[in-house]
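Protein chains in written order, with this note's numbering: chain A, 614 to 915; chain B, 614 to 915.
Here it is, written out as structure tokens:
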């Protein structure tokens, strides 16, 4: 361990567990992991960036749906537009509980909003949002609320020949817009809930069908297997929707949001994950105690 | 260009076109391609290995279905088992024509045969086949019929910071079994027709549903986009089912099987592709004239 490893992490059991795992995985002997098997997977919302008061992609989507309701006020009588019009954020928060009465209308609405668009259209729309919209509590662009300790961890894993994937309930194509510059991983290493596309007249065009196979709960290991042919050996998450992904990995890291001063303090949506962490001896990271810095960017290893 | 580049390729317009494209793509100026965009995609059957008399995976599948018919003779009255029992290979060859009367029962049968198996089970079954079964014309394992010039091309592209994907109508999980040792690319770089899996009790288990989204025709660029977030800049294929993938790339290579002496001479299933190659100025590779060696392995660049 050199002083430059994970500089935003305070010395303590969490940092020690990460360094020990990687040292063991990369040293011949018991616990060594073949380079081919070194797949790491991280959740995004609440694991790589702030997800309060709602995951940032909701802000992006709400702006679009707000315009749609303004153009067609009848929409406000059906979900999810109704919840948006009534500012009923509890409706959206029930995604975390994998409630079909929230998820089904949400996915249908996603399908409707961007049907017929090309990836170029969608990227441009996300980029405008990234550059112009600010998070309400911190008054900075959402992309400035990425956790520097996690970016260091990604670089550290890459430097040890891990191939790092992000596996989030959020939209695959939404995340791919900023994955390369923000996380330093290629678009193909981003797994998420995904729209359906067709190749028509030489163009990739989004269809009207809703997002298929939501990337939460068991969908996470299923999609990691589909994308990579393996389950991860290292996984990081923060919520109940990450439990199956964390269980599927040899080393599991659970981020605990206990820092109301520098970020947010909450445990809603993570109650079962905290219990599993205790039962399965996962590495629990206290944002307050284990991180000396919360937000920021890093130098890239490669 | 050094003498060591593409040694199994004879000097000629095809080799020259490949070297020129890569030189232009990697040299600042017009035609330069950002490293992030350097996605190459190759078909497998008939592009990376021999596909006559039928793509090798059919041999693997037929052995399984043969056992199923022996155990349940009534199966022989329905497709695809009927065609197998009657040795009606024309039924299977109609996959290339994307005939739904072949494809639908084929996919359903694939779904039935391996439902409930784990990736470990399936890998083991493929490995036994790879090690014990020989191709009828050459009397060697199918895996020995991989084209050395194409392996050199994969290494050459990788050495120039291309990320190489295989995108085949064949089974994703079938190909992933041997991708790393044979092609030198990770499993996550293999795109193909894929079974559906669920994560149940800590295990990835194949479901009964048939393969979804066959990876042929427009499915190829659709799946490359889904897997990578991009369309390829370099694509290689040999048949009509590769046309859309080849059209979606900046540089397209079409392999012409004109070498009845060293491999096979045939153009069935490639008639439209040959016409598109002429119309769109694709690089057509003559196996007979452009390759001084057909089969073999290569040293890995990395």
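Ideal Cβ placement from N, Cα and C applies to all residues, glycine included.
Problem - For residue 848/A and residue 782/A, the rounded distance between their alpha carbons - result: The residue labelled residue 782/A in the question sits at position 169 within the first chain. The residue labelled residue 848/A in the question sits at position 235 within the first chain. Our two residues, residue 782/A and residue 848/A, have alpha carbons roughly 15 Å apart in a direct line.
Exercise for the section: Answer yes or no: does any C-beta atom of chain A fall closer than 8 Å to that of residue 817/B? Expected result: As a working mapping, residue 817/B is identified with position 204 in the second chain. Yes, contact with chain A.
Handout entry: Element boundaries [alpha helix (DSSP H), containing residue 715/B]
Key = Against the second chain, residue 715/B aligns to sequence position 102. Segment 713 to 727, the alpha helix (DSSP H) holding residue 715/B.
Problem - Test: residue 807/B CB closer than 8 Å to a CB of chain A - result: On the second chain, position 194 is the one that residue 807/B refers to. Interface residue, yes.
Practice task
Report the neighbours of residue 838/B on chain A: residues whose CB is nearer than 8 Å to its CB, in chain order.
Solution key: By one-based count along the second chain, residue 838/B stands at place 225. By Cβ distance, chain A contributes 732, 810, 812 and 817.
Practice task
Please name the residue, chosen from 785/A, 801/A, 829/A and 766/A, that lies closest to residue 713/A on a Cα-to-Cα basis.
Solution key: As a first step, residue 713/A is located in the first chain; it is residue number 100 there, counting from the start. The shortest C-alpha separation from residue 713/A is found at 829/A.
Exercise for the section: Mind checking who residue 847/B pairs with in its DSSP beta bridge? Expected result: Reading the second chain from its first residue, position 234 is the one you call residue 847/B. BP columns for residue 847/B point to 653/B and 864/B.
Handout entry: Own chain residues within Cβ distance below 7 Å of residue 756/A, not counting five before or after
Key = For the purposes of this step, residue 756/A is taken as the residue at position 143 of the first chain. Here the set comprises 743, 791 and 795.
Practice task
Counting only the same chain and skipping the five closest in sequence on each side, list residues whose C-beta sits under 6 Å from that of residue 762/A.
Solution key: Counting from one through the first chain, the residue named residue 762/A turns up at place 149. Excluding residues within five positions, the ones whose Cβ falls inside 6 Å are 621, 622 and 904.
Exercise for the section: Measure the alpha-carbon distance for residue 878/B versus residue 868/B and round it to whole angstroms. Expected result: By 1-based counting over the second chain, the position of residue 878/B is 265. By 1-based counting over the second chain, the position of residue 868/B is 255. Whole-angstrom Cα-Cα distance: 12 Å.
Practice task
Could you check what DSSP says for residue 896/B in three-state terms: helix, strand or coil?
Solution key: For the purposes of this step, residue 896/B is identified with residue 283 of the second chain, where counting begins at 1. Residue 896/B falls in the strand class under three-state DSSP.
Exercise for the section: Can you tell me which of the three DSSP states residue 570/A falls into? Expected result: Residue 570/A lies beyond the stretch modelled for chain A, which goes from 614 to 915, so this question has no answer here.
Handout entry: Chain-ordered chain A contacts of residue 861/B [CB-CB under 8 Å]
Key = Position 248 of the second chain, counting from 1, holds the residue named residue 861/B. Correct list: 812 and 815.
Practice task
Residues of the stretch 773 to 784 of chain B with a CB closer than 8 Å to any CB of chain A: list them in chain order, please.
Solution key: Cβ contacts with chain A come from 776.
Practice task
Locate the alpha helix (DSSP H) running through residue 840/B, then write down its first and last residues.
Solution key: Position 227 of the second chain, counted from the first residue, corresponds to residue 840/B. Membership of residue 840/B in the alpha helix (DSSP H) is indicated by the continuous run 832 to 841.
Problem - Option in 858/A, 802/A and 771/A with minimal Cα separation from residue 635/A - result: Sequence index remark: in the first chain, residue 635/A carries index 22 (1-based). In this structure, 771/A is the residue among 858/A, 802/A and 771/A with its C-alpha nearest to the C-alpha of residue 635/A.
Exercise for the section: Return no unless some Cβ of chain A is closer than 8 Å to the Cβ of residue 725/B. Expected result: Here residue 725/B refers to the residue found at position 112 of the second chain. Not one beta carbon of chain A lies nearer than 8 Å to the beta carbon of residue 725/B.
Practice task
Under the assumption that residue 805/A contacts residue 788/A (Cβ atoms under 8 Å), give the Cβ distance between them as a whole number of angstroms.
Solution key: Residue 805/A sits at position 192 when you count from the first residue of the first chain. Residue 788/A sits at position 175 when you count from the first residue of the first chain. Indeed, because the Cβ distance is near 5 Å, the residues count as touching under 8 Å.
Handout entry: For residue 799/B, the three-state DSSP class (helix, strand or coil)
Key = Position 186 of the second chain, counting from 1, holds the residue named residue 799/B. If DSSP states are grouped into helix, strand and coil, residue 799/B belongs with coil.
Practice task
Could you give the DSSP three-state label for residue 707/A: helix, strand or coil?
Solution key: Here residue 707/A is taken as the residue at index 94 of the first chain, counted from 1. Three-state DSSP puts residue 707/A in coil, outside helix and strand.
Problem - Exposure of residue 670/A, with buried meaning 16 or more beta-carbon neighbours within 10 Å - result: Residue numbering aside, residue 670/A sits at position 57 when the first chain is read from its first letter. Answer is buried; the Cβ neighbour count reaches 16.
Practice task
Measure the C-alpha to C-alpha separation of residue 689/A and residue 726/A and round it to an integer number of angstroms.
Solution key: Looking up residue 689/A in the first chain gives position 76. Looking up residue 726/A in the first chain gives position 113. The straight-line gap from Cα to Cα measures roughly 15 Å.
Problem - Collapsed DSSP secondary structure at residue 631/A in the structure displayed - result: Locating residue 631/A in the first chain gives position 18, counting from the first residue. Helix.
Handout entry: Distance, residue 751/B Cα to residue 663/B Cα
Key = Position 50 of the second chain, counted from the start, is the residue given in the question as residue 663/B. Position 138 of the second chain, counted from the start, is the residue given in the question as residue 751/B. Computed Cα separation, rounded: 11 Å.
Handout entry: residue 594/A vs residue 826/A beta-carbon contact at 8 Å
Key = Residue 594/A is absent from the structure shown; chain A starts at 614 and stops at 915.
Exercise for the section: Output yes if chain C places a C-beta closer than 8 Å to the C-beta of residue 799/B; else output no. Expected result: The displayed structure is made up of protein chains A and B, and chain C is not among them.
Practice task
Kindly list, in the order they appear in chain B, the residues whose Cβ is closer than 7 Å to that of residue 873/A.
Solution key: Counted from its first residue, the first chain places residue 873/A at position 260. For residue 873/A, there are no C-beta contacts with chain B under 7 Å, since the nearest C-beta of that chain is about 34 Å from it.
Handout entry: CA-to-CA distance, residue 719/A to residue 740/B, given in whole angstroms
Key = Walking along the second chain from the start, residue 740/B turns up at place 127. Walking along the first chain from the start, residue 719/A turns up at place 106. As the crow flies, the alpha-carbon of residue 740/B is around 43 Å from that of residue 719/A.
Problem - Closest residue to residue 808/A among 798/B, 835/B and 800/B (Cα-Cα distance) - result: As a working mapping, residue 808/A is identified with position 195 in the first chain. The option with the nearest alpha carbon to residue 808/A is 835/B.
Practice task
Measure the C-alpha to C-alpha separation of residue 901/B and residue 908/B and round it to an integer number of angstroms.
Solution key: For this step, residue 901/B is matched to residue 288 along the second chain. For this step, residue 908/B is matched to residue 295 along the second chain. If I take the Cα positions, the gap works out to 13 Å.
Exercise for the section: Please name the residue, chosen from 691/B, 665/B, 748/B and 776/B, that lies closest to residue 706/B on a Cα-to-Cα basis. Expected result: Counting from one through the second chain, the residue named residue 706/B turns up at place 93. Looking at the Cα atoms, 665/B is the closest of the given residues.
Handout entry: Per DSSP, the bridge partner or partners of residue 747/B
Key = Along the second chain, one-based indexing puts residue 747/B at 134. The bridge partners DSSP lists for residue 747/B are 754/B.
Practice task
May I ask you to report which of helix, strand or coil DSSP gives residue 902/A?
Solution key: As a working mapping, residue 902/A is identified with position 289 in the first chain. In the structure shown, residue 902/A sits in a helix (DSSP, three-state: H, G or I).
Practice task
Output, in chain order, the set of chain B residues within a Cβ distance shorter than 7 Å of residue 789/A.
Solution key: Counted from its first residue, the first chain places residue 789/A at position 176. Result: 842.
Handout entry: Cutoff 8 Å; reference residue 886/A; Cβ partners in own chain excluding five residues on either side
Key = Within the first chain, the letter at position 273 stands for residue 886/A. Within the same chain, residue 886/A has close Cβ partners 850, 851, 852, 853, 855, 856, 859 and 867.
Handout entry: Local Cβ density within 10 Å of residue 645/A, reported as buried at 16 or more and exposed below that
Key = Locating residue 645/A in the first chain gives position 32, counting from the first residue. With fewer than 16 Cβ atoms within 10 Å of its Cβ, residue 645/A is classed as exposed.
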